[in-house]
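Per my numbering, residue 50 is the first one in the sequence shown, and the count goes up by one each step.
Beta carbons are placed, not taken as given, at the ideal position from N, Cα and C, and that holds for glycine.
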Amino acid sequence: MFNPKILIISTIFLIIFSGCIAENTNKTTIQEGILTIGISPDLPPISYLDNKNPAGFEIDLITEIAKRMSLEPEFKIYEFSSLLDAVENSEIDCAVALIAITPERENKVDFSRCYFKTYTTILVKENDFCNGLKCLENKKVGVLKGSVQESLMEGFLDDMEFELVHYENQEYMHKDLLSGSIDSEVCEFLTAKNLINDRNYSLKIVGDQMDINYDAIAVNSENDDLKRAINTAILEMENDGTVVQLKEKWNID
């Protein structure tokens, strides 16, 4: 027998349930329909500005991820040392900048699947006789503020004597190395390779591989839905060959 009370209750339930779904969906990103991404565009060929437009491997990667999530990417520029705070404080949905996963960083933010592996190296002028870590004794050594390289070199200060010079922007660090204001810089290998091979700077890489870093997208630790969606997109891109194609395009593999 038809009961109008049941129909009314069912309708109310569906309205409330639908509202909850919409609300949860909207909370996945700060702005509905937009993925707000923090970048530090002084990392060619990973992230840089080409005629004021973001370009590079990670820019292509996160743009494709946003597309597969049916979102429009919107980029916001930060100094590298401010990126994780911006993610933690929900100023942005996520951040890309060759951000290595570390236990210390996992106390502030969460991370997606790793999509790239790299390492730290030492960069000096081409005519420098330095051949490794010990050469940095009593020298001025540049590092990017907030980077794993900064933490790594701070650890060596326990057993070595050198002056650590902290930079907010890698381009200024490169210029200081070329001018002689600093004696070396400790940086990520791809950065060093780009300076030498693509930009023809009179620099060279010395010493052994100093560590190994697994890079991923930083997301807010309370936004499990966003992390899950990003991971799904990355996995799809790994399986269909998109990640490999992007690495080949930017010559970073």
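Let me confirm a value: residue i is counted as buried when at least 16 other C-beta atoms fall within 10 Å, else exposed. Which label applies?
i      : result
Leu56  : Because Leu56 carries a pLDDT of 41, less than 50, the predicted location of this residue cannot be relied on, and no value is offered for it.
Gln80  : exposed
Tyr97  : buried
Asn176 : exposed
Asn243 : buried
Leu206 : exposed
Gly256 : buried
Asn272 : buried
Could you check the C-alpha separation between residue i and residue j for me, to the nearest Å?
i      : j      : result
Thr112 : Glu121 : 8 angstroms
Tyr306 : Thr240 : Residue 306 lies beyond the range of the chain shown here (50 to 302); nothing can be said about it.
Ile95  : Glu107 : 5 angstroms
Phe129 : Asp289 : 31 angstroms
Gly191 : Ile88  : 21 angstroms
Phe178 : Ser233 : 12 angstroms
Glu220 : Ala104 : 16 angstroms
Asn102 : Lys116 : 18 angstroms
Met118 : Met222 : 37 angstroms
Pro90  : Ala146 : 8 angstroms
Asn180 : Asp99  : 34 angstroms
Thr324 : Ser228 : Since the first and last residues shown for the chain are 50 and 302, residue 324 lies out of range.
Skipping 5 residues on each side, what residues in its chain have a beta carbon closer than 7 angstroms to that of residue i?
i      : result
Ser161 : Ala265, Ile266, Val268, Lys276, Ile279, Asn280, Ile283
Met286 : Glu113, Val292
Glu137 : Lys157, Val158, Asn269
Glu210 : Glu186, Asn187
Thr151 : Val197
Gly82  : Leu120, Glu121
Going along the chain, which residues of its own chain have a beta-carbon closer than 6 angstroms to the beta-carbon of residue i, five neighbours each way excluded?
i     : result
Thr85 : Ile79, Glu123, Ile141, Asp142
Give the range of the alpha helix (DSSP H) segment to which residue i is assigned.
i      : result
Pro152 : 152–155
Ser228 : 219–228
Ser200 : 197–205
Below 8 angstroms CB to CB, which residues in the same chain sit around residue i once its five sequence neighbours on both sides are set aside?
i      : result
Arg154 : Leu133, Ile148, Phe160, Ala267
Gln198 : Thr169, Val192, Val235, Cys236, Glu237
Asp109 : Leu295, Lys298, Trp299
Lys253 : Leu172, Val173, Lys174, Glu175, Asp177, Ile245
Report the option in the options whose CA atom is closest to the CA atom of residue i.
i      : options                        : result
Leu226 : Gly105, Arg117, Val173         : Val173
Ile126 : Glu217, Glu271, Ser230         : Glu217
Asp247 : Gly82, Thr77, Pro93            : Pro93
Gly195 : Ser131, Tyr250, Gly229         : Ser131
Thr167 : Met259, Glu271, Asp273, Asp274 : Met259
Lys224 : Gly256, Lys183, Ser251, Thr151 : Ser251
For the beta strand (DSSP E) that contains residue i, what are its first and last residues?
i      : result
Glu123 : 121–126
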